[in-house]
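These notes concern the structure reproduced below.
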Amino acid sequence: MFNYIVKRLMFMILALFLIITATFFLMKAAPGGPFTSEKEIPAEIQKSLNEYYGLDKPWYGQYFDYLVSVAKWDFGPSFKYKGQSVNDLISDGFPVSFILGMEAIFIALAFGVLFGVIAALRHNKWQDYSVMIIAVLGISVPSFIMASAFQYMFAMKLGIFPVARFETFMHSVLPALALASTPLAFIARLMRSSMLEVLNQDYIKTAKAKGLKESVIIVKHAIRNALMPVISYMGPLTSGILTGSFIIEKIFGIPGLGMHFVTSISNRDYTTIMGVTVFYSVLLLASILIVDILYGLIDPRIKLAGGKGE
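full-length UniProt numbering applies: residue 1 is where the sequence shown begins, and numbers increase by one.
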């Protein structure tokens with residue numbers, strides 16, 4: 001286990017270095033500059049700004065300075081938010097995005113697993129068909145379309161939930177549902193397929209032959225083993241929730257990190273773009289590592305140490 005974690009941490013450091021490098025040079029290659037706008041800035045002011053932010057240095061000097069700053073977990077000042085650093089923006093916006101993301105993950109996992117189990121236990125019956133219809137809709141319709149539909153139906157027409165903002169729990173329900181719609185559908189289909197496969201295994205038939213209660217067989221043996229593919233999906237699920245929150249936060253006017261990221265693109269706030277990208281990359285790489293470790297702990301057939309299976 002220890003050797004496996006060390007190897008994965010080394011891989012994470014290498015992957016993070018490549019992400020930082022790619023992000024830096026993509027921003028350098030972008031047309032225009034952080035202070036390019038429709039209103040022309042006097043040359044003296046432009047020169048002063050470039051000197052203040054270190055943009056007058058050659059590219060390799062800027063690249064080295066950025067690597068040193070990121071190693072210290074300092075993403076530098078924002079080009080557009082006066083008096084604020086990128087770290088300040090992350091500290092302000094991430095808690096909001098985290099709450100929204102956790103709600104969406106809970107909804108996706110809870111209802112996805114529930115629907116998948118129901119569909120498998122009622123295979124080829126109306127419950128199974130209903131779950132499959134919901135799953136197809138969830139996969140086919142993008143989350144931003146779901147968000148607009150939820151706003152129109154439940155906020156504007158029925159008035160059950162607020163249209164936008166993020167002040168109370170009621171404000172978080174619609175964006176969390178919209179964000180969870182696609183992963184919920186994937187989990188439901190994944191859980192259904194896995195559950196059907198597990199129910200046909202010999203150990204399930206043996207448990208039935210021994211006279212165990214059906215509820216015990218389903219909960220203790222079937223669901224536990226059927227959850228393995230769902231656990232392995234947690235990495236992509238986290239990735240989808242984090243990246244999907246960018247658009248959802250913009251639609252609902254949620255002051256989260258995703259909204260800061262989208263705004264920074266239109267504002268050419270390159271330090272914010274790079275800082276948020278690196279921050280999310282660390283989260284995604286860490287979540288994948290945690291999922292791999294959990295998968296190995298839950299499934300005793302997998303041996304993480306040395307990366308060999310027995």
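From the three backbone atoms N, C-alpha and C, an ideal C-beta is built for every residue, glycine too.
- V117 is positioned such that its CB atom lies closer than 8 Å to that of I223.
- The beta carbon of P142 lies closer than 8 Å to those of T182 in the same chain, with the five residues before and after it left out.
- Distance check between A135 and each of Q151, F154, V113, S148 places V113 closest, using alpha-carbon atoms only.
- For P162, the secondary structure class from DSSP, reduced to helix, strand or coil, is coil.
- Its Cα nearest to that of I273, the residue L26 stands out among L26, I187, M170, L177.
- In the displayed model, P31 falls within coil according to three-state DSSP, outside both helix and strand.
- In the displayed model, S78 falls within coil according to three-state DSSP, outside both helix and strand.
- Between the alpha carbons of A209 and I217 lies a gap of roughly 11 Å.
- Within the region 190-242, the alpha helix (DSSP H) runs of at least 4 residues that lie entirely inside it are, in chain order, 202-209, 228-232.
- Exposure of S148 is indicated by the presence of fewer than 16 other C-beta atoms within 10 angstroms of its C-beta.
- In the DSSP annotation of this structure, the continuous segment of the alpha helix (DSSP H) that includes T263 starts and ends at 257-266.
- When the five nearest sequence neighbours on each side are left out, the beta carbons in the same chain lying within less than 8 Å of the beta carbon of V278 are those of L16, I19, I20, T23, V70, F75, in order along the chain.
- If you check the CB distance, G256 and V86 do not come in under 8 Å.
- About 7 Å separates the CB atoms of L177 and I107; that is less than 8 Å, so the two are in contact.
- L121 is positioned such that its CB atom lies no closer than 8 Å to that of P175.
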